[in-house]
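Residue numbers (mature numbering (1 follows the signal peptide of the UniProt record, and there is no 0)): -21 to -1, 1 to 786. No residue lacks a Cβ here, since even glycine has one placed at the ideal position from N, Cα and C. Just so we're clear, the structure is a prediction, and the values are computed from it rather than from any experiment.
Next comes the structure, spelled out in structure tokens:
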């Protein structure tokens, strides 16, 4: 830590030499919902002849800065597609060093009425900046009654594999952040967390193909960042909601979102409770190499679970003065889950003679406690925007699981055997993280960022296994396990961005990460260490060919570390013919990615990308032809490459009908050797997503979301094509205080998942459906006592004012 402390202080001394005052007219554009308005046109008009002098566009955060060339009287005009034009008050510029901050300028959405149908100039739902896409979630019809996980898999270019892991443009290795902070959770625990978060609490989802160096290098395929809503209205405001889902199973959800903002204080609390469930029907087949006692197994199964998830999120922020602000946020959830997995298995020899029937019933109860706490502090150093921010985070996860396994064996000679197994397990995670970020804009348009971060994960797990013998539970030490894992990551980064001229701009960054890991298996008497230092460069070169054609050339290097539980060398029992074995030698995967992003007419976006991954992490299976047991473990594939093209194309079909369309093509090729067998897996993945927003008569709003997902490879597995259609209709009553939504998922019951894999003569096939087809009714009542908290700064004082205060 001493190294990073010295690095930080040296960095502060260096950059302090460059802190200069802002010169020019600056401000920030927001709409009535306090969402930023990016890429708006800001024009400087000279009075009294209304001559256009100069102009600029707002950045992705809605900020702008420009500098009049000479003394005079000016007015600024603000315009953006879907918004009514707005003008500043008259500005008296005293000279080239004139400095004034307009604060927040509000833009109102443009609307007209025609034949009982509200025709709206559509505000873009998808925003693209340097190849990264932001999808607005707030206010959408499909968000009502949905959860964060389901909204993420509907984001542009995002899909899920057979285990529920996120993929981006058909590529595995995606990291997920909440408000810019990593969760550090395993795939299963992350999915549980996201399913406990109502989608209506989300403002937007960022799909980051090329994350800047300030973000963790974790996530070889990119990152997904969930931005949660924050109510900016003064006074006491909020909403209460309830919903019911008719499907298999039937589910409910309800909750309240409350906020109180007064003066320099802003506080909120979200209380949510939801039922979540799943019914999975599966058919599996395994074909074994020739020469063994077992040639084929066939299995049919049905899984059903229900879980109840109450959750709470609360936060507060305070502006101590114009320079200092601080805040805190806490989130807690509890999950109580009852799960059953019923299977019937058949074993055959090479002559198709049945060797055995196995009827298995697995029952599991699960209690999960999850929470995270964040403290943040920010100091603004000057009116230029130079600032230092700090974040301290603590997260915990505690999981207790009790399982029962009942297995009945029947054989052709009428012989039979019964087996009853039990296990008790727990796992605890404690996660600590702290970071300091420094940001310094330059008056010449450049921007410098730097920071340091440290994180520590402490994981403890224990499994006690029992066998029923004549009604007594007998401890099975050979099937029991205790595993502890600790991981520390120390990081530092620096990046610089600069507009070189009207055509070229540059963003270059470098991140350094040191990883130390230690896994101790008491049952296996093994201790495994990992220690590696890596550099992660990031480069973006932007070219503005014309107003209607812009290019971004990018390169980045990223990492995907193995999940903690995959490093445990122990063997876990799933059912009589499936076991999972950890791999302490599993290595992280490293990805090098090159892309060219093209933007046409400010709205059509074409991205071409090449990616090469070393030590690709995947799941590998081994079939034992003598026992029929499938052993599943983690492994590293020698190499993986993909060639990808994606197109984002919004289309306004009519004034009342708007669409956002995503198209992805990705050729994937990976190969490795398993037990001396060369395994090659390749496919042409395609993904078509089409979102339709339609304004109907009588103020009804219809939203449809169609997805066609082509075949794809995930390591040694091949997943067949899928397609599905979701829809929803929404109407507001009581002066927009009451929202009523009806949502349909998987309307045609077509979201079937088929998986195949082949290693030499060993084959594995599975066909399963998760019963996603359902209809949901959701009600939300909104109340508000207060006006907009944000105000446009007055421009009555028109002489040079120097600093106008911290933004």
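In its own chain, which residues sit with a C-beta less than 6 Å from the C-beta of residue i, not counting the 5 before and 5 after it?
i           : result
residue 237 : 217 and 248
residue 509 : 496
residue 466 : 436 and 496
residue 166 : 144
residue 341 : 320 and 384
residue 239 : 215 and 246
residue 757 : 123, 124, 222 and 720
residue 759 : 218, 220 and 718
residue 438 : 408, 464 and 543
residue 731 : 748
residue 225 : 754
residue 709 : 120, 680 and 720
What are the start and end residues of the alpha helix (DSSP H) that includes residue i?
i           : result
residue 168 : 166 to 174
residue 129 : 127 to 131
Could you spell out the range, first to last residue, of the beta strand (DSSP E) harbouring residue i?
i           : result
residue 215 : 214 to 225
residue 468 : 460 to 478
residue 121 : Element bounds for residue 121: n/a, residue is neither H nor E.
residue 260 : 244 to 266
residue 16  : First-last for residue 16: undefined, no H or E at that position.
residue 88  : Counting along the chain, residue 88 falls outside any beta strand (DSSP E), and DSSP gives it neither H nor E.
residue 759 : 753 to 764
residue 696 : 696 to 698
residue 182 : 181 to 187
residue 738 : 731 to 738
residue 325 : 303 to 327
residue 574 : 568 to 579
residue 506 : 505 to 525
residue 283 : 275 to 298
residue 340 : 333 to 359
residue 583 : 583 to 602
Would you mind working out which of the options sits nearest residue i, comparing C-alpha positions?
i           : options               : result
residue 189 : 672, 23, 632 and 587  : 587
residue 142 : 749, 552 and 756      : 749
residue 285 : 43, 174 and 146       : 174
residue 67  : 589, 263, 5 and 292   : 5
residue 318 : 36, 206 and 346       : 346
residue 648 : 301, 634, 255 and 590 : 590
residue 380 : 734, 387, 595 and 406 : 406
residue 253 : 312, 244, 276 and 227 : 312
residue 443 : 149, 404, 54 and 176  : 404
residue 650 : 675, 616 and 637      : 616
residue 115 : 53, 295 and 181       : 181
residue 522 : 530, 289 and 445      : 530
residue 576 : 660, 537 and 528      : 528
residue 658 : 666, 693 and 634      : 693
residue 163 : 554, 620 and 541      : 541
residue 401 : 53, 551 and 275       : 551
residue 686 : 708, 641 and 645      : 641
residue 582 : 565, 195 and 526      : 526
Measure how close the beta-carbons of residue i and residue j come, nearest whole angstrom, since I'm counting them as under 8 Å.
i           : j           : result
residue 712 : residue 689 : So it is not a contact: roughly 42 Å between Cβ atoms.
residue 265 : residue 580 : The pair is not a contact, with the Cβ atoms about 53 Å apart (cut-off 8 Å).
residue 50  : residue 72  : 6 Å
residue 618 : residue 539 : Going by Cβ atoms, the distance from residue 618 to residue 539 rounds to 15 Å, so no, they are not a contact pair.
residue 498 : residue 562 : Their Cβ separation, rounded to whole angstroms, is 11 Å, which puts residue 498 and residue 562 out of contact at 8 Å.
residue 662 : residue 643 : The pair is not a contact, with the Cβ atoms about 13 Å apart (cut-off 8 Å).
residue 614 : residue 599 : 4 Å
residue 263 : residue 278 : 4 Å
residue 635 : residue 674 : 4 Å
residue 472 : residue 489 : 7 Å
What does a CB cutoff of less than 7 Å around residue i pick up in its chain, not counting 5 residues either side in sequence?
i           : result
residue 94  : Caution is warranted here: a pLDDT of 38 is assigned to residue 94, below 50, making its placement in the model unreliable, and no coordinate value can be reported.
residue 41  : 7, 8, 9, 15, 16 and 17
residue 639 : 104, 105, 629 and 670
Comparing the CB of residue i with every heavy atom of the ligand HEM, is any distance shorter than 7 Å?
i           : result
residue 128 : Although the ligand HEM was asked about, the structure shown includes no ligands whatsoever.
With a threshold of 8 Å on Cβ separation, who are the neighbours of residue i within its own chain once the five nearest residues in sequence on each side are excluded?
i           : result
residue 332 : 391
residue 565 : 541, 545, 546, 596, 613, 614 and 615
I'd like to know if the region 415 to 427 and the region 464 to 484 are in contact, where contact means that at least 3 CB-CB pairs between them fall below 8 Å. yes
Given 8 Å as the limit, is there contact between the region 601 to 609 and the region 690 to 707, that is, 3 or more CB pairs closer than that? no
Touch check for the region 349 to 365 and the region 382 to 399: three-plus C-beta pairs under 8 Å? no
Do the region 676 to 684 and the region 622 to 634 make contact, defined as three or more Cβ pairs closer than 8 Å? no
Determine contact between the region 266 to 277 and the region 299 to 307, defined as no fewer than three beta-carbon pairs at a distance below 8 Å. no
The region 145 to 155 / the region 186 to 202 touching (three or more Cβ pairs under 8 Å): yes
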